[in-house]
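Please read the structure below before turning to the comments.
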Amino acid sequence: MGTTRKRLVAAAASMVVAVSLAGCGGGDDSTGASGTNQDQERTTATKGGDIYSLELSVTQTLDPQRTYTGRDIANEGRLFSRSLVIFPSGATDPKEGSTPIPDLATDTGQSNEDATEWSFTLKDGPTWQDGKPVTCEDLKYGVSRTFATDVITGGPNYIIGYLDIPEDADGQPVYKGPYTGEGQAEFDKAVTCDGNTITYRFKKPWPDFPLAIAALRSFDPFRQDTDKGDKSKFDAFSNGPYMLESPWNEDTGGTFVRNPEWKADEDTNREANFDSLTFEIGIETEVIVDRLIANEGDDQFAFTSRSVTPAQYPQITGEVADRAVNFESPFSNYLLPNFNRVTNLKVRQALAAATNRGAYVGALGGDQASTPSLSIVNPATPGYVANPAFGEAAGGDVEAAKKLLEESGETLPYPIKFTYPIGSDASEKAFAALKATYDEAGFDVTLDGLDPSGPYYEQIQKPGSDSDLIWGGWGADWPSISTVIPPLFDSRINLTKASNGQDYGNYASDAVNSAMDAASAET
């Protein structure tokens, strides 16, 4: 997070669009810009100064165990929430950039022969913002919070499927998190502290566990006496170089300033150059880009994770282009039906056939913005193969969809509530383009655009949601296909009475779960 004198106009990132229907017979920014990677000069950072992050999407949470968007994972890790190991900042070599290095720990972990047990020893020196030391018990408590699935919602849940804890009659861990005490003894066997050394015991091999720690915030420490459960959502109690200056405002943002208890000589992974970072949120994308192009006042020291809109592409030239970054995104956009509501296979197949990926990409800005994909898995992810069930045609097959709907026996036009996150004008046009082809095929689509800062995820993560078709965006948590398919479709770690986790379509298949287990055992 070190500041440089090169300001970023926009992270003009591509979103490789897999506008495909998960299970149909088989990031939150939906307006990315792709193209040739643009090498950016890495300049020498200067100490001091104030910088500004301009964003449309409101931050969903500052709670490490609940954070699950790439932007916020990165921000928290560099600002206030340290982990046992971390990915190095500023690495230009992909292998180096995806290889963990020690952060709070003295090394990158020690495992037994079959990787079912991992131990890490905590350094002496790291402290919280009140000067108290970060302890092994803080690490243990942090990971325990993920099991409180009725309170700590929305975050990664890998640990639930791996930790060696017995299951109840519903196939869920008997441990229900730290707030009830139910099953506490079983958790205490699976995660133990011996002085400064924490040990995790798993029921199946987890050879890339250090990658999970480095990639996510869910294994970060959390001090029990600061935990207010759901009300800790925006507390951001710091053990890193920055801390909140005043309470976070969910509508407008907040400012992080230097944490006087942080020690630069102990934490060599973070440069901590700027004096303050102010997040200004809820600003329209077009306005953000216009401000950064103008490059006036404090905006000279501002940046954004938003993408340049198609209408603004012609302005990204000369000096402005020097301040922009264009790179291939690790994310894919995808659509999936709500299996609790769209129960007719023929209807799901018709949705898949009518999905006009070409029109979607065109509305986002064409090849400069996105490319159609043939899988939910991003092509850059190790293990990617094109899924033949998606078909080669990106334009959708209206006639095939009509035939499938006729065969379904349903009353036509078939009503569909299509829930998606609101964004830029380009993204609105993209969803309207999908609706047009669906309607032509025999559906009656109602567009249900919701604010991604709250209502959108609240809607799609409700087991009883009335959405029929849902937009999702996903990228591998670390370089492995195992961080795409299981997190999205393993019903055992997603579906509970309180939430459907990342399985927005409520998909459940014992056969698919078994296939994922078999694949995991092979790797």
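Heads up, the sequence shown is in our numbering, so the first residue is 12 and it goes up one at a time. Just so it is clear, CB atoms sit at the ideal spot from N, CA and C, and this is done for glycine as well.
Notebook entry, point to check: Between leucine 445 and alanine 370, which are expected to be in contact by the criterion C-beta below 8 Å, what is the C-beta distance as a whole number of angstroms?
Noted result: 7 Å
Check: Secondary structure at isoleucine 171, three-state DSSP: helix, strand or coil?
Finding: helix
Checklist line | Rounded separation between threonine 110 and proline 99 - CA only | finding: Threonine 110 and proline 99 have their C-alpha atoms some 8 Å from each other.
Checklist line | Burial state of asparagine 123, where buried means 16 or more other Cβ atoms lie within 10 Å | finding: exposed
Notebook entry, point to check: From serine 257 to alanine 116, what distance separates their C-alpha atoms?
Noted result: 30 Å
Check: Can you name the start and end residues of the beta strand (DSSP E) that glycine 484 belongs to?
Finding: 480-486
Item checked: serine 340 vs alanine 225 beta-carbon contact at 8 Å -> Not in contact: serine 340 and alanine 225 (Cβ atoms no closer than 8 Å).
Check: Looking at C-alpha atoms only, which residue of Lys187, Pro105, Leu174 and Gln360 is the closest neighbour of proline 216?
Finding: Leu174
Checklist line | Within-8 Å CB hit, alanine 441 to chain D | finding: This model lacks chain D altogether; it includes just one protein chain.
Next item on the list: Along the beta strand (DSSP E) that carries asparagine 337, what are the first and last residues, could you check?
Entry: From DSSP, the beta strand (DSSP E) with asparagine 337 extends over 336-338.
Check: Taking DSSP as the reference, what is the three-state secondary structure of asparagine 260?
Finding: Asparagine 260 falls in the strand class under three-state DSSP.
Check: Whose C-alpha, out of Ile97, Ala526 and Tyr515, is nearest the C-alpha of arginine 352?
Finding: Tyr515
Note to self: For aspartate 83, count the other beta carbons within 10 Å of its own beta carbon; 16 or more makes it buried, fewer makes it exposed. Which is it?
What the structure shows: buried
Notebook entry, point to check: Closest by CA to valine 145, which one among Pro399, Ser249, Leu461 and Thr164?
Noted result: Looking at the Cα atoms, Ser249 is the closest of the given residues.
Next item on the list: List the whole-angstrom C-beta distance separating phenylalanine 290 from glycine 265, where the pair is believed to meet the contact cut-off of C-beta under 8 Å.
Entry: Between glycine 265 and phenylalanine 290 the Cβ distance is about 6 Å, and since that is below 8 Å, they are a contact.
Check: How would you call serine 229, buried or exposed, if buried means at least 16 neighbouring beta carbons within 10 angstroms?
Finding: buried
Check: Exposed or buried, valine 162, counting other C-beta atoms within 10 Å across all chains shown (16 or more means buried)?
Finding: buried
Notebook entry, point to check: Skipping 5 residues on each side, what residues in its chain have a beta carbon closer than 8 Å to that of aspartate 61?
Noted result: Phe285, Asp286, Ser287, Leu288, Thr289, Asp309 and Phe312
Item checked: Helix, strand or coil at leucine 547 according to DSSP, with G and I counted as helix -> As displayed, the chain neither begins before 12 nor continues past 534, which places residue 547 out of reach and without an answer.
Note to self: At the level of alpha carbons, what is the spacing between glycine 188 and threonine 237?
What the structure shows: Going by the C-alpha atoms only, they are around 16 Å apart.
Margin query: Just to confirm my understanding: we take tyrosine 467, look at its own chain, exclude 5 residues before and 5 after, and list those with CB closer than 6 Å. What are they?
Written below: So the list reads Pro432 and Leu461, once near-sequence residues are dropped.
Next item on the list: May I have the straight-line CA-CA distance separating arginine 503 from isoleucine 387, to the nearest angstrom?
Entry: 20 Å
Notebook entry, point to check: Who pairs with leucine 255 in a beta bridge, going by DSSP?
Noted result: Phe267
Margin query: I need the straight-line Cα distance from arginine 156 to glutamine 76, nearest angstrom please.
Written below: Near 7 Å, if we compare the C-alpha coordinates of glutamine 76 and arginine 156.
Next item on the list: Drop a sphere of 10 angstroms on the beta-carbon of aspartate 149, count the other beta-carbons inside from all chains shown, and report buried for 16 or more, exposed for fewer.
Entry: Buried, because 16 or more other Cβ atoms sit within 10 Å of the Cβ of aspartate 149.
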